[in-house]
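Everything on this sheet refers to the single structure shown next.
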Amino acid sequence: MAVLWSPKNSFRFLNTLYTHGAVSGAEHHRFCGLKNWPLNFKKFAAKVSIDTSSLQYENDDLMRPDFNNDDYAIACCVSPMIVGKQMQFFGARANLAKNHAVRYQRRR
Numbered sequence: 001m002a003v004l005w006s007p008k009n010s011f012r013f014l015n016t017l018y019t020h021g022a023v024s025g026a027e028h029h030r031f032c033g034l035k036n037w038p039l040n041f042k043k044f045a046a047k048v049s050i051d052t053s054s055l056q057y058e059n060d061d062l063m064r065p066d067f068n069n070d071d072y073a074i075a076c077c078v079s080p081m082i083v084g085k086q087m088q089f090f091g092a093r094a095n096l097a098k099n100h101a102v103r104y105q106r107r108r
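Note that full-length UniProt numbering has the sequence shown beginning at 1, numbered continuously upward.
Here it is, written out as structure tokens:
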């Protein structure tokens with residue numbers, strides 16, 4: 001599956017950490033696929049990382065084989081999951097509506 005790259009939007013997204021302020025606590029932005037990024041974007045991402053401490057990086061090449069595809073997500077700072085097939089409960093971030101729907105379907 002090809003990953004779409006939008007340089008303008010990616011730079012804008014990172015720039016919001018300067019214009020709107022860095023986030024605090026466990027609220028971080030994650031990026032995957034570092035080796036395919038253009039050099040100037042890598043440099044800017046590194047600068048934003050140092051200045052804001054609000055970026056985390058995941059190695060897509062290491063994660064993809066565990067799921068046999070690239071359709072995965074990482075919730076907060078816990079283990080990855082397959083999007084639409086797995087779910088994690090982590091404090092206040094639990095998706096209670098989805099949990100209720102899944103339990104209701106299993107009762108049928």
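For glycine and all other residues, C-beta sits at the position ideal for the given N, C-alpha and C. It should be emphasised that the depicted structure is a prediction, and the values quoted were computed from it without experimental measurement.
- Nearest to K47 by C-alpha distance, out of I82, Y18, A73, is Y18.
- With distances taken between CA atoms, N59 lies nearest to I74 out of D51, N40, I74.
- Shown here, Q86 sits in coil according to DSSP, grouped into three states, outside any helix or strand.
- Counting C-beta atoms within 10 angstroms of its own C-beta, L62 has fewer than 16 neighbours from the protein chains shown and is therefore classed as exposed.
- Secondary structure note for N40: its alpha helix (DSSP H) is the uninterrupted segment 39 to 52.
- Looking at the DSSP output, Q105 bridges to nothing.
- In the DSSP assignment, S10 falls within the alpha helix (DSSP H) that extends over 7 to 19.
- DSSP places D71 outside any alpha helix (DSSP H), giving it a letter other than H or E.
- Partner residues in the beta bridge of P80, as assigned by DSSP, are I74.
- Contact between D71 and V83 holds: CB atoms are separated by about 5 Å, below the 8 Å threshold.
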